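Chemist: One structure follows; several queries about it will come next.
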Amino acid sequence: LRGKLRQAALGMGAGYRPDWTPECTHLVCAFPRTPKAQRARQEGGVVVGPAWIWECQRLQRRLPCRPYLLDGSASSDSEGEEPVDAPPPSRPSP
4 LRGKLRQAAL
14 GMGAGYRPDW
24 TPECTHLVCA
34 FPRTPKAQRA
44 RQEGGVVVGP
54 AWIWECQRLQ
64 RRLPCRPYLL
74 DGSASSDSEG
84 EEPVDAPPPS
94 RPSP
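Now the structure itself:
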């Protein structure tokens, strides 16, 4: 399941890192209270469930994160408020 999820995200243009880094914008995970999810939130990341990836893939567009957030990781300035057809966030070059 994890490999299929990764392939779906990569197929839509997402980047992938096996661990959370400051360059990451989103963490996709099944459980909201893992150390990785807590670290992502502390560093301003958006923590979403796998359903976000599956629905984005199904509809062939990037959806708002808010309905898929795990444990309230969005803040008032979070990207969870983005419009439905928002472009993906820019990523720093490796």
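To convert, count from 1 in the sequence shown and add 3; that's the numbering used here.
All residues carry an ideal CB built from backbone N, CA and C; glycine is no exception.
Remember, it's a predicted structure, so these values are computed and weren't measured experimentally.
1. Which one of R64, A43 and Q63 has the shortest CA to CA distance from L73?
2. Sort out for me which residues DSSP pairs L72 with in a bridge.
3. Rounded to whole angstroms, what's the CA-CA distance from S76 to C27? Just pull it up for me.
4. Provide the residue span of the beta strand (DSSP E) that contains L4, from first to last.
5. Within its chain, find whatever has a CB closer than 7 Å to the CB of Q60; leave out the 5 residues flanking it on each side and keep chain order.
6. Taking DSSP as the reference, what is the three-state secondary structure of L30?
7. Could you tell me the distance, in whole angstroms, from the CA atom of Q63 to the CA atom of Q45?
8. Apart from the five residues on each side of it in sequence, which residues of its chain come closer than 8 Å, Cβ to Cβ, to L66?
Modeler: In short:
1. Taking the first residue of the sequence shown as position 1, residue 73 is located at position 70. Closest option to L73, Cα to Cα, is A43.
2. Counting from one through the sequence shown, the residue named residue 72 turns up at place 69. L72 pairs with V51.
3. Translated into the one-based positions of the sequence shown, residue 76 becomes position 73. Translated into the one-based positions of the sequence shown, residue 27 becomes position 24. For S76, the predicted model reports a pLDDT of 47, less than 50, meaning its position is unreliable; a value from the coordinates is still stated below. Approximately 14 Å between the Cα atoms of the pair.
4. Counted from its first residue, the sequence shown places residue 4 at position 1. From DSSP, L4 is part of no beta strand (DSSP E); its letter is neither H nor E.
5. Stepping through the sequence shown from its first residue, residue 60 is reached at position 57. Result list for Q60: A11 and M15, in chain order.
6. As a working note, residue 30 is residue 27 in the sequence shown. Reduced to three states, the DSSP call for L30 is strand.
7. As a position in the sequence shown, residue 63 is number 60, starting the count at 1. As a position in the sequence shown, residue 45 is number 42, starting the count at 1. So the two alpha carbons sit approximately 30 Å from each other.
8. For the purposes of this step, residue 66 is identified with residue 63 of the sequence shown, where counting begins at 1. Closer than 8 Å at the Cβ level, and outside the excluded window around L66, lie W55, E58, C59 and V87.
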